[in-house]
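Numbers 621 to 932, taken from this note's numbering, label the letters of the sequence shown in order. Idealized CB from N, CA, C, for every residue including glycine. Here the structure is laid out as structure tokens; the discussion comes afterwards.
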Amino acid sequence: MARPPEASPRRTRLRHWRDWQSLAYLVALPALAAWQWVNGFNVSLYALMLFLTLGIGVIHHNHVHLRMWRGRRMNRLTDFWITLLQGHPTFVFWPAHVANHHRHRHGPKDVARTYRFGGDTNHLWGYLLHPFQAVWVLMPVFVGWLARLRAHRRGAWRYCIAQYVLWLGSWAVLLALDWRKALLFVIVPQLHGLHWLLATNYLQHAHADGRKPSREEALRDTPGGRLNYARNFEGLVNPLLFNIGLHTAHHENPHAHWSELTHLHHTRYRAQVDPVLNEGGLVPYMVRVFVLGTVWPRFRSRSLMPPDSFTH
């Protein structure tokens with residue numbers, strides 16, 4: 621008898637072998653939370669948990685752009701698993717990131733563009749505050765997206781609502797079991813990961829050139845041309861967090877697997893963006909710009925946008 625389509629081995633295979641790293645993160649985070657729930661708080665394990673919440677956000681991002689599995693069932697199960705781990709429905713990446721950020725590339729129509737909030741800044745306060753500002757302007761985007769799905773694609777709407785039910789239901793159950801442990805081992809780490817995920821937009825785009833390029837700039841792939849809308853980080857953030865730092869290559873190739881971005885960055889895009897947008901390590905950048913730059917102006921970044929070229 622023929623094997624049912626959903627049971628086909630091909631449909632339960634990863635698209636790329638490097639996503640075993642993604643699976644390891646998806647298993648390790650709840651395992652660490654469960655161990656501490658039973659055995660008590662451990663500083664080292666908790667710090668590792670907080671780091672893994674950053675990875676979960678990147679895995680979510682990558683899974684939206686290129687589905688991790690070849691089969692629909694496994695991809696949907698992964699959607700729900702990420703929803704549980706991240707503490708927010710996975711569908712939100714479609715209206716907020718794919719249909720908005722990737723479409724407008726930090727330009728004037730990007731709803732959560734960094735220079736929309738208080739001007740074209742790049743400092744510690746802007747970094748910390750950006751996630752809250754982004755949520756405020758993105759919530760109407762989510763509501764509108766759901767309303768359109770309900771009117772025209774009821775199945776997709778029910779799928780999104782099911783993610784809300786799973787997320788809120790998991791919080792309700794865990795809070796009922798032990799609200800202190802639920803806050804410490806589940807909800808606070810989730811909120812930490814979500815803050816970093818939204819703040820990453822600030823790291824990657826603050827003081828980059830968010831203008832809509834002129835016709836001449838759109839045709840010019842040289843420093844100062846059309847690719848200066850994003851900042852790249854080339855340090856340890858990439859092997860640890862799925863090449864999230866190589867942002868220009870990702871924007872230009874949104875359906876490429878994350879493991880391909882290193883080659884794309886170095887062979888196609890690194891030399892075409894302004895050198896100030898190619899940073900080394902993420903942590904040294906944050907220390908230099910957000911800490912030292914608070915005191916000494918020479919450590920601050922400089923905007924690539926003319927003062928009168930952006931809108932609030």
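Residue-level contact to chain D via CB, residue i, 8 Å cutoff
| i | result |
| --- | --- |
| H827 | Absence of chain D from the displayed structure is noted, only one protein chain being present. |
Host alpha helix (DSSP H) of residue i (start-end)
| i | result |
| --- | --- |
| G813 | 808 to 825 |
| N695 | 692 to 706 |
| S790 | 774 to 797 |
| Y849 | Neither: Y849 is in no alpha helix (DSSP H) and is coded neither H nor E. |
| M669 | 663 to 685 |
| H871 | 867 to 872 |
| Q641 | 640 to 659 |
| V896 | Unbroken run through V896: none, as it is neither H nor E. |
| H636 | Note, H636: premise wrong, no alpha helix (DSSP H); not H, not E. |
| V857 | 857 to 860 |
| M906 | 902 to 906 |
Same chain, Cβ closer than 8 Å to residue i, neighbours up to 5 away in sequence not counted
| i | result |
| --- | --- |
| V755 | L818 |
| N695 | H683, R687, M688, W689 |
| W714 | V684, W765 |
| R635 | L686, R687, M688, W689, R690, H877 |
| W777 | L766, L769, R770 |
| W787 | T703, L704, G707, H708, P709 |
CB of residue i within 8 Å of CB of residue j, strictly
| i | j | result |
| --- | --- | --- |
| R920 | V909 | yes |
| N720 | V731 | yes |
| W689 | R773 | no |
| T820 | I864 | yes |
| Q783 | D894 | no |
| G855 | G900 | yes |
| L897 | N848 | yes |
| G830 | M925 | yes |
| R922 | H827 | yes |
| L649 | I676 | yes |
| A850 | H867 | yes |
| F661 | L804 | yes |
| V785 | A716 | no |
| W655 | L665 | yes |
Cβ neighbours of residue i in the same chain (closer than 6 Å, five flanking residues each side left out)
| i | result |
| --- | --- |
| T673 | P809, H812, G813 |
| P624 | Residue placement at P624 is flagged as unreliable, the pLDDT there being 46, under the threshold of 50; the coordinate-derived value follows with that caveat. Excluding positions up to five away in sequence, the list is empty. |
| L794 | A802, V806 |
Best match in the options for proximity to residue i [C-alpha to C-alpha]
| i | options | result |
| --- | --- | --- |
| W640 | N659, N662, I679 | I679 |
| V763 | I807, G789, P709 | P709 |
| H724 | H871, R851, Y747 | H871 |
| L823 | L749, W655, L794 | L749 |
| R752 | P728, R778, T703, W816 | It should be pointed out that residue 752 corresponds to Phe in this sequence rather than to Arg. Among P728, R778, T703, W816, the Cα nearest to that of F752 is on W816. |
| P874 | V718, V663, L704 | V718 |
| L861 | G738, H681, L697 | H681 |
Same chain only: Cβ atoms within 7 Å of residue i, ignoring 5 sequence neighbours per side
| i | result |
| --- | --- |
| M906 | none |
| L884 | A869, N873, A876 |
**Message:** Within 8 Å, do at least three Cβ pairs link the segment 790 to 799 to the segment 722 to 736?
**Reply:** With a cut-off of 8 Å, the segment 790 to 799 and the segment 722 to 736 do not count as touching, because too few Cβ pairs lie within range.
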